[in-house]
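Novice: Have a look at this one.
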Amino acid sequence: MEHEQQLSIGDVPSSRYIVKEATGSLPSIPLPIIDLSLLSLSSKEGLEELQKLKVALSTWGCFQDKEKYARPENDIEGYGNDPILSDKQVLDWSLRLMLKLVPEDSRRLEFWPENPTKFREILSEYSMQVKNIIEHLLKAMARSLDLEEDCFLNQYGGEELMMARFNYYPVCSRPDMVLGAKSHSDGSGITVLLQDREVEGLQIFKDGQWSRVPIIPDAFVVNAGDQMQIMSNGIFKSPLHRVSVSSEKERLSLAVFHLPTPEVEIGPVQGLISEERPQQYRKLKNYSAINFECFQNGTVPLDTELAVDCKEPSDKFFHKGSDAGVLDASVPLVDVPVVDLGLLLSSASTSSQELEKLHLALSTWGCFQEKLKYAREVDSMEGYGNDMVLSEHQTIDWTDRLYLTIIPENQREIRAWPEKPENFREILHEYTMKLKQINEILLEAMARSLNLVENCFLDQYGKEAHMIARFNFYPPCPRPDLILGVKPHADASALTFLLQDKEVEGLQFLKDDEWFRVPIVPHALLVNVGDQVEIMSNGIFKSPVHRVVTNTARERNTLAVFCIPEQGKEIEPAEGLINEARPKLYKTVKDYVSIYFQNYQLGKRPIEAAVNHGMTSSFLDQVRSLTKQFFALPMEEKQKYCREVGSMEGYGTDIVFSEDQILDWTDRLYLKLSPKDQRQLKLWPETPVDFREILEEYTAKLKQITEVVLKALARSLSLEEHSFLDKYGEKATMFARFNYFPPCSKPDRALGLKPHSDGSAITIVLQDKEVEGLQLLQDDQWVRVPIIPHALLINVGDQVEIMSNGLFKSPVHRVVTNSVRERISLAVFCSPDPEKDIEPVDDLISEASPKRYKKVKDYVAVYFQYYQQGKRPIEALKIGLE
1 MEHEQQLSIG DVPSSRYIVK EATGSLPSIP LPIIDLSLLS LSSKEGLEEL QKLKVALSTW
61 GCFQDKEKYA RPENDIEGYG NDPILSDKQV LDWSLRLMLK LVPEDSRRLE FWPENPTKFR
121 EILSEYSMQV KNIIEHLLKA MARSLDLEED CFLNQYGGEE LMMARFNYYP VCSRPDMVLG
181 AKSHSDGSGI TVLLQDREVE GLQIFKDGQW SRVPIIPDAF VVNAGDQMQI MSNGIFKSPL
241 HRVSVSSEKE RLSLAVFHLP TPEVEIGPVQ GLISEERPQQ YRKLKNYSAI NFECFQNGTV
301 PLDTELAVDC KEPSDKFFHK GSDAGVLDAS VPLVDVPVVD LGLLLSSAST SSQELEKLHL
361 ALSTWGCFQE KLKYAREVDS MEGYGNDMVL SEHQTIDWTD RLYLTIIPEN QREIRAWPEK
421 PENFREILHE YTMKLKQINE ILLEAMARSL NLVENCFLDQ YGKEAHMIAR FNFYPPCPRP
481 DLILGVKPHA DASALTFLLQ DKEVEGLQFL KDDEWFRVPI VPHALLVNVG DQVEIMSNGI
541 FKSPVHRVVT NTARERNTLA VFCIPEQGKE IEPAEGLINE ARPKLYKTVK DYVSIYFQNY
601 QLGKRPIEAA VNHGMTSSFL DQVRSLTKQF FALPMEEKQK YCREVGSMEG YGTDIVFSED
661 QILDWTDRLY LKLSPKDQRQ LKLWPETPVD FREILEEYTA KLKQITEVVL KALARSLSLE
721 EHSFLDKYGE KATMFARFNY FPPCSKPDRA LGLKPHSDGS AITIVLQDKE VEGLQLLQDD
781 QWVRVPIIPH ALLINVGDQV EIMSNGLFKS PVHRVVTNSV RERISLAVFC SPDPEKDIEP
841 VDDLISEASP KRYKKVKDYV AVYFQYYQQG KRPIEALKIG LE
């Protein structure tokens, strides 16, 4: 990866650095200044300074400490970037050198620079002075809360860490779009920051806005970290802050983080817990490990990890939309069918009745409860960690979980399997083996219930299938009316086995647009159909949408085991379930689980993108939605897909060839769809998340339509069916143009698209459902093209006009604007192979109808420049017209 110093020389930062936050002009703040020398005094001045410290930490969460000594500024260049934990991670425009200072015997001196020559000596002295300052501060902060002065130091347990981070922020060409350090709070107890003496950059978020922190020469910025917020039970605030960059000057800073060792457990001090202010954070160890991953994901760990016991949860947990306000437990109870596996295995007459019950259960609810003869004691076990945070807009689940691969056995990560309780691994292995047998029995029975060969589903499932265990812990929640343990979803598995809590309900199923409670059946397994069996059954068996609600009184434990087909296996509807009455409803998919999780975190069902809708109204609405959602993205997000200079493909406006060119009132996203190996996927948006998948499906359908149309056009002229297709070629191209026409204040003066005919063979347009704009030139008069909802407009382009020797006309059209409403459309241009010669079909040339157009190759290459000049390149190809 290139270093930022190299990137900063006149280059625009790559899209990996782009953030959504505005970093423009901000107000300056008078950050409180505390004199450390007064804090130790019992005089009036000392008490006043103590009160200033308390106010500073409980409002801003930081202050500046004016010291009498000043460290000479060294031109030190840090080394390296932070680790990259995700392809979607927004990078910081910064290099850093990170060093452990305390304990001294843990210093890794091989990382301590030998140049400048006094680096190690000065840093060692500096760390000892900062250590003394921090211990002084911790005592003063305790006293400011009427606590014993060693109260916070005692939480450290006599073991402390100090880490130094030397930061270098190079000059950046786009300071409006890039941050030196993304928004975060510190994972420390206390942070001491020595700022650049000349260049500002630090900003703090307070009262809903970002404010600049001014420079006070030779002063420290002292900042309460997350662990201090925890120990003070939320009284002292760990401020959200970030670092902006400059297009003119580089910037340096040095941050020292003081924190407990990973082995020390921290939590709110007992003296700060009362009825008026109950405990707001759980006890935990190694908080800094949590903090760093959250920082790289752009999230605040205090929101995602610790707020389980808080009085009022962060709104990051709150559900919006259809689930808002309807999460109470007062929903009707449902009696989920109970199926006896023993009867399914027998040859008795009751077997057929049980088989019918199985069919009914799976085709209506998509789940059933299987009553077992053995019962495993449910341990009061707390899972570890939350699901990944993929987006700042993601609604987080109120749960901790332990997630383990249990099959194949050789892929188990045993290091992640708890050693306590002592028999954890042994019992889980035995449980796994029993479920594996049950899973095979059920897949065979389900196939038989559909009159299929018994191994029909098992063959798709594969011999190297996976089983994943998820241990769930749902703590009591103060706002069960607004927060869910697990958001609504369907499972990505083939089958899911759920062992519920023996006493506490929580699971609910969505049926007929109404949520139903699932009662507890002691010692029973809940067996649930997942998306992949819905696909294999061609939609006969349903993968139910379900959720988990929370409660204020009791914790809840469950264990879900997901049975997932072999990764390399293609999953598709069974052939015996496809016919004219019930056509194939789902596409073939491989490794379905890999696309599942991201969709789940965004509250979407990936199976919806896999359904083969055909060119129905619902599918066309999905395609329209892609266009709307893309153009609704913030500008910095859309600019990730900007076209390069001189290139057609990407986001932006069309190429400007001359100063005299009349511009179109439109933004567009222009993408090559076919051939597949020529796609520039870096320009294909990743938001909306299903953009690429839906566009891929739409492309395949339009390709079929194009072939049908070209064959029909040939037959209409009494030609061989493949006459046009033969000229079209096997390496034909398809381009998509997503158009956005914003309201225009001068619709009588500006056009969305100037008059033109298309350079394609066939153009297929999906119009806006509500707003007109397209007009055709007919008999020298412009006529409006009406909207026909859910219809495609198919237009002959210049190259079919050439091939038909002028019998088919490529119509001149334009797009008008309006002053009130925006308009979107999607045009797909289907053009012949650029290496193919295009000319009139021989059978259409005669004495009565001589050849009217010259032979041409790669017509599209010359088309666009003519278009921008308001000319039709086809005119230059007419024989006799130069």
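Take full-length UniProt numbering: the final residue in the sequence shown is number 882, and no numbers are missing along the way. Note that CB positions come from ideal geometry on N, CA and C, so glycine has one too.
To which residues of the same chain is arginine 668 closer than 8 angstroms at the C-beta, ignoring the five residues directly before and after it?
Specialist: To locate residue 668, count along the sequence shown from 1; it is residue 668. If we look at arginine 668 and ignore the five residues flanking it on each side, its Cβ neighbours are Tyr651, Gly652, Thr653, Asp654, Arg737, Phe738, Asn739, Tyr740.
Novice: Should the segment 762-776 be regarded as contacting the segment 845-855, the criterion being three or more beta carbon pairs within less than 8 angstroms?
Specialist: no
Novice: Taking just the CA atoms, how far does threonine 399 sit from valine 326?
Specialist: For this step, residue 326 is matched to residue 326 along the sequence shown. For this step, residue 399 is matched to residue 399 along the sequence shown. Legend: pLDDT at valine 326 = 34, less than 50; position of this residue unreliable, value from coordinates given subsequently. Spanning the two alpha carbons is a distance of roughly 19 angstroms.
Novice: Which word fits glycine 234, buried or exposed, when buried means at least 16 other C-beta atoms lie within 10 angstroms of its C-beta?
Specialist: To locate residue 234, count along the sequence shown from 1; it is residue 234. Label assigned to glycine 234: buried.
Novice: Out of Lys854, Asn286, Ala861, point me to the one whose CA is closest to alanine 876's CA.
Specialist: For the purposes of this step, residue 876 is identified with residue 876 of the sequence shown, where counting begins at 1. The residue from Lys854, Asn286, Ala861 with its alpha-carbon nearest to that of alanine 876 is Lys854.
Novice: As a quick exercise: from Met467, Asn439, Ile468, His466, pick the residue whose alpha carbon is nearest that of residue 885.
Specialist: Because the chain in this structure spans residues 1 to 882, residue 885 falls outside the shown range and cannot be described.
Novice: Where does threonine 496 land, buried or exposed, given buried means 16+ other C-beta within 10 angstroms?
Specialist: Position 496 of the sequence shown, counted from the start, is the residue given in the question as residue 496. Per the 10 Å Cβ criterion, buried.
Novice: So what's asparagine 818 in DSSP terms, helix, strand or just coil?
Specialist: In the sequence shown, counting from the first residue as 1, residue 818 sits at position 818. The answer is coil: DSSP assigns asparagine 818 none of H, G, I, E or B.
Novice: Can you give the Cα-Cα distance for valine 130 and tyrosine 169, rounded to whole angstroms?
Specialist: As a first step, residue 130 is located in the sequence shown; it is residue number 130 there, counting from the start. As a first step, residue 169 is located in the sequence shown; it is residue number 169 there, counting from the start. Their Cα atoms are separated by approximately 23 angstroms.
Novice: Return helix, strand or coil for threonine 627, following the three-state DSSP convention.
Specialist: The sequence position of residue 627 within the sequence shown is 627, counting from 1. Of the three classes helix, strand and coil, the one that applies to threonine 627 here is helix, per DSSP.
Novice: If lysine 436 and methionine 467 are in contact, beta carbons under 8 angstroms, what's the gap, nearest whole angstrom?
Specialist: Here residue 436 refers to the residue found at position 436 of the sequence shown. Here residue 467 refers to the residue found at position 467 of the sequence shown. The Cβ separation is near 7 angstroms, so the contact holds.
Novice: Which full runs of the beta strand (DSSP E) of 3+ residues lie inside the UniProt domain "Fe2OG dioxygenase" (730-832), going along the chain?
Specialist: 733-741, 751-756, 762-766, 774-778, 781-784, 792-796, 813-816, 823-831
Novice: Which residue comes first and which comes last in the beta strand (DSSP E) that contains valine 486?
Specialist: On the sequence shown, position 486 is the one that residue 486 refers to. Here the beta strand (DSSP E) through valine 486 covers 484-489.
Novice: Could you say if the segment 834-842 and the segment 772-781 meet the contact criterion of at least three C-beta pairs nearer than 8 angstroms?
Specialist: no
Novice: Is the beta carbon of valine 264 less than 8 angstroms from the beta carbon of lysine 283?
Specialist: Locating residue 264 in the sequence shown gives position 264, where the first residue counts as 1. Locating residue 283 in the sequence shown gives position 283, where the first residue counts as 1. Taking 8 angstroms as the Cβ cut-off, valine 264 and lysine 283 do not qualify as a contacting pair.
Novice: Give a yes or no on whether the C-beta atoms belonging to glycine 462 and lysine 590 are separated by under 8 angstroms.
Specialist: Residue numbering aside, residue 462 sits at position 462 when the sequence shown is read from its first letter. Residue numbering aside, residue 590 sits at position 590 when the sequence shown is read from its first letter. Contact flag unset, no.
Novice: For chain B, check one thing: does any of its Cβ atoms lie closer than 8 angstroms to the Cβ of lysine 672?
Specialist: Reference to chain B is not applicable here, since this structure consists of a single protein chain.
Novice: So is valine 213 buried or exposed if we call it buried at 16+ other beta carbons inside 10 Å?
Specialist: Translated into positions along the sequence shown, residue 213 becomes position 213. Its Cβ being crowded by 16 or more others within 10 Å, valine 213 is buried.
Novice: What are the boundary residues of the beta strand (DSSP E) that includes threonine 558?
Specialist: Residue mapping note: residue 558 aligns to position 558 of the sequence shown, counting from 1. Where threonine 558 is concerned, the enclosing beta strand (DSSP E) stretches over 556-564.
Novice: Please say whether valine 171 and serine 94 have beta carbons closer to each other than 8 angstroms?
Specialist: Position 94 of the sequence shown, counted from the start, is the residue given in the question as residue 94. Position 171 of the sequence shown, counted from the start, is the residue given in the question as residue 171. The Cβ-Cβ distance between serine 94 and valine 171 does not fall below 8 angstroms.
Novice: Taking the alpha-carbon positions, what's the residue 890 to glutamine 629 distance?
Specialist: Past the edges of the chain, shown from 1 to 882, lies residue 890, and the structure says nothing about it.
Novice: Sort Glu104, Val800, Pro688 by Cα distance to glutamate 160 and report the nearest one.
Specialist: Numbered from its first residue, the sequence shown carries residue 160 at position 160. Measuring from the Cα of glutamate 160, the nearest candidate turns out to be Glu104.
Novice: Please state the DSSP three-state secondary structure of threonine 552.
Specialist: Translated into positions along the sequence shown, residue 552 becomes position 552. Threonine 552: coil per DSSP, three-state reduction.
Novice: Just to confirm, is the Cβ distance from leucine 99 to alanine 164 under 8 angstroms?
Specialist: The count along the sequence shown starts at 1 and reaches residue 99 at position 99. The count along the sequence shown starts at 1 and reaches residue 164 at position 164. Yes; because the gap between Cβ atoms is below 8 angstroms, this pair is in contact.
Novice: Straight-line CA distance for leucine 372 to leucine 526?
Specialist: What you label residue 372 is simply residue 372 of the sequence shown in a count that begins at 1. What you label residue 526 is simply residue 526 of the sequence shown in a count that begins at 1. Confidence is the limiting factor: at leucine 372 the pLDDT is only 32, short of 50, which leaves the residue's position unreliable, though a coordinate-based value still follows. Straight through space, the alpha carbons of leucine 526 and leucine 372 are spaced by roughly 11 angstroms.
Novice: Please report the Cβ distance between isoleucine 540 and glutamate 572, rounded to the nearest whole angstrom; I am assuming they are in contact, meaning their Cβ atoms lie under 8 angstroms.
Specialist: On the sequence shown, residue 540 is found 540 positions in, with the first residue counted as 1. On the sequence shown, residue 572 is found 572 positions in, with the first residue counted as 1. Not quite, the Cβ-Cβ distance comes to about 14 angstroms (not below 8 angstroms), so this is no contact.
Novice: In three-state DSSP terms, what is serine 330?
Specialist: In the sequence shown, residue 330 corresponds to position 330, counting from 1. Residue placement at serine 330 cannot be trusted, given a pLDDT of 44 that sits under 50; what the coordinates show is reported in the next sentence. In this structure, serine 330 counts as coil in the three-state DSSP scheme.
Novice: Looking at the structure shown, is alanine 876 part of a helix, part of a strand, or coil, going by DSSP?
Specialist: As a first step, residue 876 must be located in the sequence shown, where it is residue number 876. Three-state result, alanine 876: helix.
Novice: Taking only the alpha-carbon atoms, compute the straight-line gap between alanine 494 and valine 623 and give it to the nearest angstrom.
Specialist: The sequence position of residue 494 within the sequence shown is 494, counting from 1. The sequence position of residue 623 within the sequence shown is 623, counting from 1. It is roughly 28 angstroms from the alpha-carbon of alanine 494 to the alpha-carbon of valine 623.
Novice: Distance check for leucine 91 and valine 828, CA to CA, integer angstroms please.
Specialist: Counting from 1 along the sequence shown, the entry for residue 828 is found at position 828. Counting from 1 along the sequence shown, the entry for residue 91 is found at position 91. The straight-line gap from Cα to Cα measures roughly 35 angstroms.
Novice: Does the beta-carbon of phenylalanine 111 have 16 or more other beta-carbons within 10 angstroms, so that it is buried, or is it exposed?
Specialist: Reading the sequence shown from its first residue, position 111 is the one you call residue 111. The residue is exposed, with fewer than 16 neighbouring Cβ atoms inside 10 Å.
Novice: Residues in the same chain with beta-carbon distance under 6 angstroms from valine 860, minus the five sequence neighbours each way, listed in chain order, please.
Specialist: On the sequence shown, residue 860 is found 860 positions in, with the first residue counted as 1. The answer, listed in chain order, is Gly759, Ser831.
Novice: Return the Cβ separation of leucine 484 and leucine 559 in integer angstroms, given the expectation that the two are a contact with Cβ distance under 8 angstroms.
Specialist: Within the sequence shown, the letter at position 484 stands for residue 484. Within the sequence shown, the letter at position 559 stands for residue 559. Actually they are not in contact, since the Cβ atoms of leucine 484 and leucine 559 sit about 19 angstroms apart, beyond 8 angstroms.
Novice: By alpha-carbon positions, which one of Ile427, Gly752, Gln704, Leu793 ends up nearest to lysine 769?
Specialist: Here residue 769 is taken as the residue at index 769 of the sequence shown, counted from 1. Looking at the Cα atoms, Leu793 is the closest of the given residues.
Novice: Determine whether the beta carbon atoms of serine 819 and proline 755 lie at a separation below 8 angstroms.
Specialist: Counting from 1 along the sequence shown, the entry for residue 819 is found at position 819. Counting from 1 along the sequence shown, the entry for residue 755 is found at position 755. No, the pair does not count as a contact, with Cβ atoms beyond the cut-off.
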